[in-house]
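Engineer: Sharing a structure here in structure tokens format.
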Amino acid sequence: MDKKLHISVSPHFHAKVTTQSIMLDVILALLPTTIAGVLIFGVRSLAVIAVSVGFSVLSEFVFNKLAKKPMTIQDLSAVVTGLLLALTLPVNIALWEVAIGAIFAIVVVKGFFGGIGQNFANPAITGRVFMLVAFGDVVSAKSFVGKGIVDTTASATPLANMATAPTSMIDLLLGTHAGAIGEVCTVALLLGFVYLLIKKVITFHTPVVFIAVVFLLTLLITKDVNTALAYSMSGGLFIGAIFMATDYATTPTRPWGKVIFAVGCAVITVLIRMYGNLPEGVSYAILLMNILTPYIDKWTEDKPFGGEA
Amino acid sequence: MEKKNKLSVLTSGFIKENPVFVLVLGTCPTIATTKGVISAISMGLAATAVLICSNLVISLLRKLIPDKVRIPSYIVVIAGFVTMVQMLMHAYLPDLYSLLGIYLPLITVNCIILGRAEMFASKNGPVESLLDGIGMGLGFTFALLCMAVIREVFGAGAFAGIEIPFLVDHCVPFLVKSSGGFMVFGLLIAIVTAISTKRGKKAPELGCSGCPAAKFCKAAAGDDVECVNATAKTEGGNN
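Same order as they appear, the protein sequences are chains A and B. Take the first sequence: its position 214, counted from the start at 1, is 215 in my numbering, and no numbers get skipped. Take the second sequence: its position 149, counted from the start at 1, is 170 in my numbering, and no numbers get skipped.
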């Protein structure tokens, strides 16, 4: 009887969604991509992923201890950051560089700004951009050798040799071409996207608009459907649009804000790819739009019912 | 007492009032010349020489310079010494002269030198100003050296141009770039602030002794009334 009349303060109903459950969903959604990456690029990609995840979690642990903050490694966000960072790196990267990138992503990008939810930019993206700037060509799309089950030869990424030797559509779909560990297999990334949509972890706005606008702009510039398709399916566009541009803390919260964010990302990506010095611009595009996110949120704020315009 | 004061004038430039890490002056040469240890030390010493001389001269002239034209007068004195240092370096240390390049004449507009002229030399006697110049100059050199060691050792894998065996293959070139310089700068400021606040200043304690209204509050004096600060907003004060 006493137990049935137990009274507590509100809220009386709890959703079962926690940070941990969301992060677990993201990890599950990244699983096909990870497996595909290991199959395509071989065992060494496992080492890259292990170092990245390991150092992310370790630096989060050490930083929380030193800063005397509540321990946050059990929410799995550091695992997601480490996994995403590893998936955007080439397989032949030096492992100590991966470790420094992971430490930078967690300590500088996330820890210094107040931990999970307080960071102004996506830690994985910023970690990758840091490595791009810090180690020069190492991260950028040069030639990667695949030593996995699928036999790939050393070559530049499809984006770098788009003009001379276009990669076939099937290769682009299955990911049997050069590139970063997690960005090559489009089918696996789409599987993850569908899983996240079903679990309602993300909405469709950002990824769909991002990829569609990149396709349309490329079509407009090159006036060739095949090239535009190849451009949209290669490089880091899919992993960036699905997993990076949908991060909660660093992207707009309202649907129209997400659309503006995605269009901005797409425009910057195409500008860098077509007219910039770099072959790929997705990570820079998302980072730049991360910085604009607070303003976009301000512009697209919902008007409360009966409130002033 | 007199002697202790002069000593503290000399030493305050090092950590407590370090021109770079605490006063945050002279950021431009700090970022630009700390790519290597050699350029950092020579920049620091050149600026120190100018700072000592200009502090001394400005302190001696402080009663002659009219208040309205003091800044141009300071700049003339400083620029004179910078030109002297520049010519001497050009004649006797041509390698260093070309290494420092534009940053040597730019010492003229270095905030530390003008800042010390305005904040210290124009208000204190020549001996104190001389000591202040030495302390601040050495503090500046020390700060540049700290940054340069971090940036060169971890960014280029070398110390003063000599390669370090293991690090040269495992360096982070980002640190040598300007953006990396800003990051090292920020981290060092954080560390210095952490050290200096831990040692000296403590956060004002809660309670009546730390309360800004303690002077005119009866509760702080021990009377049995409620605290002014807590009730002031809700009741408009008791009086």
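All C-beta atoms, glycine included, are put in the ideal place defined by N, C-alpha and C. As the structure is a prediction and not an experimental result, all values here were calculated from the model.
Does the stretch 212–224 of chain A come within contact of the stretch 69–87 of chain A, defined as at least 3 CB pairs closer than 8 angstroms?
Structural biologist: Contact fails: fewer than three Cβ-Cβ distances are below 8 angstroms.
Engineer: On a CA-only basis, which of Phe-64/A, Leu-88/A, Lys-200/A and Val-195/A is nearest Ile-107/A? Give me that one, please.
Structural biologist: Here residue 107/A is taken as the residue at index 106 of the first sequence, counted from 1. Considering only alpha carbons, the answer is Phe-64/A.
Engineer: Which of the three DSSP states, helix, strand or coil, is assigned to Ile-41/A?
Structural biologist: Position 40 of the first sequence, counted from the start, is the residue given in the question as residue 41/A. Here Ile-41/A sits in helix by DSSP.
Engineer: Closest Cβ-Cβ distance between His-191/B and chain A: below 8 angstroms?
Structural biologist: Here the question's residue 191/B lines up with position 170 in the second sequence. Yes, because at least one Cβ of chain A sits closer than 8 angstroms to the Cβ of His-191/B.
Engineer: Cutting at 7 angstroms between CB atoms, please list the residues of its own chain near Phe-206/B, excluding the five before and the five after it.
Structural biologist: Counting from one through the second sequence, the residue named residue 206/B turns up at place 185. Counting only Cβ-Cβ distances below 7 angstroms, and skipping sequence neighbours, we find Thr-51, Ile-52 and Met-168.
Engineer: Using only alpha-carbon positions, find the residue among Gly-146/B, Ala-112/B and Glu-173/B that is nearest to Val-58/B.
Structural biologist: The sequence position of residue 58/B within the second sequence is 37, counting from 1. With distances taken between Cα atoms, Val-58/B lies closest to Glu-173/B.
Engineer: Can you give me the start and stop residues for the alpha helix (DSSP H) that Glu-149/B sits inside?
Structural biologist: Mapped onto the second sequence, residue 149/B falls at position 128. Per DSSP, Glu-149/B belongs to the alpha helix (DSSP H) from 147–176.
Engineer: When you compare the CB of Asn-291/A with every CB in chain B, is at least one pair closer than 8 angstroms?
Structural biologist: Taking the first sequence and counting its residues from 1, the one referred to as residue 291/A is at position 290. By this cut-off, Asn-291/A is not an interface position.
Engineer: Count the other CB atoms, across all protein chains shown, that sit within 10 Å of the CB of Thr-187/A; report buried if there are 16 or more and exposed otherwise.
Structural biologist: On the first sequence, position 186 is the one that residue 187/A refers to. By the 10 Å Cβ count, Thr-187/A comes out buried.
Engineer: If you measure from the beta carbon of Phe-195/B to each beta carbon in chain A, is any gap under 8 angstroms?
Structural biologist: Taking the first residue of the second sequence as position 1, residue 195/B is located at position 174. Chain A contact via Cβ: present.
Engineer: Check whether the stretch 49–60 of chain A and the stretch 82–89 of chain A are in contact - that is, three or more C-beta pairs closer than 8 angstroms.
Structural biologist: Counting Cβ pairs under 8 angstroms, three or more are found: they touch.
Engineer: Using a Cβ-Cβ cutoff of less than 7 angstroms, which residues in the same chain neighbour Thr-82/A once the five nearest sequence positions on both sides are dropped?
Structural biologist: Taking the first residue of the first sequence as 1, we reach residue 82/A at position 81. The answer, listed in chain order, is Ser-57, Ala-106, Ile-107, Pro-124 and Ala-125.
Engineer: Indicate the three-state DSSP secondary structure (helix, strand or coil) for Ser-141/A in the structure shown.
Structural biologist: Looking up residue 141/A in the first sequence gives position 140. Caution is warranted here: a pLDDT of 47 is assigned to Ser-141/A, below 50, making its placement in the model unreliable, and the coordinate value is therefore given only provisionally. Three-state result, Ser-141/A: coil.
Engineer: Any Cβ of chain B within less than 8 angstroms of the Cβ of Val-110/A?
Structural biologist: Residue numbering aside, residue 110/A sits at position 109 when the first sequence is read from its first letter. It does not; no Cβ of chain B falls within 8 angstroms.
Engineer: Which residues, taken in chain order from the stretch 83–108 of chain A, show a beta carbon closer than 7 angstroms to some beta carbon of chain B?
Structural biologist: Answer in chain order: Trp-97 and Ile-101.
Engineer: Which same chain residues end up closer than 6 angstroms to Met-234/A when comparing Cβ atoms and leaving out the 5 residues on each side of it in sequence?
Structural biologist: For this step, residue 234/A is matched to residue 233 along the first sequence. Hits under 6 angstroms: Leu-173 and Thr-187.
Engineer: Do the stretch 152–166 of chain B and the stretch 66–84 of chain B make contact, defined as three or more Cβ pairs closer than 8 angstroms?
Structural biologist: Yes: at least three Cβ pairs fall under 8 angstroms.
Engineer: Under 8 angstroms, do Ile-271/A and Leu-238/A count as touching if we go by C-beta distance?
Structural biologist: Your numbering for residue 271/A matches position 270 in the first sequence. Your numbering for residue 238/A matches position 237 in the first sequence. Checking the displayed sequence, the identity of residue 271/A turns out to be Val instead of Ile. For Val-271/A and Leu-238/A, no; Cβs fall outside 8 angstroms.
Engineer: Phe-9/B: which of Ser-63/B, Val-213/B and Leu-81/B sits nearest, CA to CA?
Structural biologist: Chain B is shown from 22 up to 260; residue 9/B falls before or after that span and cannot be answered.
Engineer: Who does Glu-277/B pair with in a DSSP beta bridge?
Structural biologist: Residue 277/B is absent from the structure shown; chain B starts at 22 and stops at 260.
Engineer: Counting only beta-carbon separations shorter than 8 angstroms, does Phe-64/A have a partner in chain B?
Structural biologist: Taking the first residue of the first sequence as 1, we reach residue 64/A at position 63. It does not: the Cβ of Phe-64/A has no partner Cβ on chain B nearer than 8 angstroms.
Engineer: Distance, Cα to Cα, Leu-166/B vs Gly-176/A?
Structural biologist: Position 145 of the second sequence, counting from 1, holds the residue named residue 166/B. Position 175 of the first sequence, counting from 1, holds the residue named residue 176/A. Approximately 49 angstroms between the Cα atoms of the pair.
Engineer: If we define contact as Cβ-Cβ less than 8 angstroms, is Ala-125/A a contact residue for chain B?
Structural biologist: The residue labelled residue 125/A in the question sits at position 124 within the first sequence. Output row for Ala-125/A: interface = no.
Engineer: Given this structure, state the Cα-to-Cα distance separating Gly-43/A from Glu-98/A, to the nearest angstrom.
Structural biologist: The residue given as residue 43/A occupies position 42 in the first sequence. The residue given as residue 98/A occupies position 97 in the first sequence. For Gly-43/A and Glu-98/A, the distance between alpha carbons rounds to 19 angstroms.
Engineer: Determine the burial state of Ala-287/A: buried for a count of at least 16 other Cβ atoms within 10 Å of its Cβ, exposed for fewer.
Structural biologist: Walking along the first sequence from the start, residue 287/A turns up at place 286. In the sequence as displayed, the identity of residue 287/A is Ile instead of Ala. Classification of Ile-287/A: buried, given that the 10 Å Cβ count is 16 or more.
Engineer: Measuring alpha carbon to alpha carbon, tell me which of Gly-180/A, Thr-247/A and Ala-179/A ends up nearest Phe-205/A.
Structural biologist: As a first step, residue 205/A must be located in the first sequence, where it is residue number 204. Comparing Cα positions, the closest option is Thr-247/A.
Engineer: What are the start and end residues of the alpha helix (DSSP H) that includes Gly-112/A?
Structural biologist: Numbered from its first residue, the first sequence carries residue 112/A at position 111. Gly-112/A -> no alpha helix (DSSP H), and no H or E assigned at all.
Engineer: Which residue from Gly-101/B, Asn-39/B and Ser-33/B puts its Cα closest to that of Ile-210/B?
Structural biologist: The count along the second sequence starts at 1 and reaches residue 210/B at position 189. Nearest of Gly-101/B, Asn-39/B and Ser-33/B to Ile-210/B, Cα basis: Asn-39/B.
Engineer: Going by the beta-carbon positions, is the gap between Asn-26/B and Gly-154/B smaller than 8 angstroms?
Structural biologist: The sequence position of residue 26/B within the second sequence is 5, counting from 1. The sequence position of residue 154/B within the second sequence is 133, counting from 1. No.
Engineer: DSSP state of Ala-253/B, grouped into three classes?
Structural biologist: Against the second sequence, residue 253/B aligns to sequence position 232. Unreliable placement is indicated for Ala-253/B, whose pLDDT of 40 sits below 50; no coordinate value is reported for it.
Engineer: Which residues of chain E have a Cβ atom closer than 9 angstroms to the Cβ of Phe-136/A, listed in chain order?
Structural biologist: Any reference to chain E falls outside this structure, whose protein chains are A and B.
Engineer: Just the C-alpha distance for Val-106/B and Ala-61/B, rounded to the nearest angstrom, thanks.
Structural biologist: Here residue 106/B corresponds to residue number 85 of the second sequence, with the count starting at 1. Here residue 61/B corresponds to residue number 40 of the second sequence, with the count starting at 1. About 16 angstroms.
Engineer: Determine the direct distance from the alpha carbon of Pro-71/A to that of His-178/A, and round the result to whole angstroms.
Structural biologist: In the first sequence, the residue the question calls residue 178/A occupies position 177. In the first sequence, the residue the question calls residue 71/A occupies position 70. Each residue's alpha carbon lies about 43 angstroms from the other.
Engineer: In this structure, how does DSSP classify Asn-26/B when only helix, strand and coil are distinguished?
Structural biologist: Along the second sequence, one-based indexing puts residue 26/B at 5. Asn-26/B falls in the helix class under three-state DSSP.
Engineer: Would you mind sorting Met-170/A into buried or exposed? The rule is 16 or more other CB atoms within 10 Å of its CB.
Structural biologist: By 1-based counting over the first sequence, the position of residue 170/A is 169. Met-170/A is exposed by the Cβ-count criterion.
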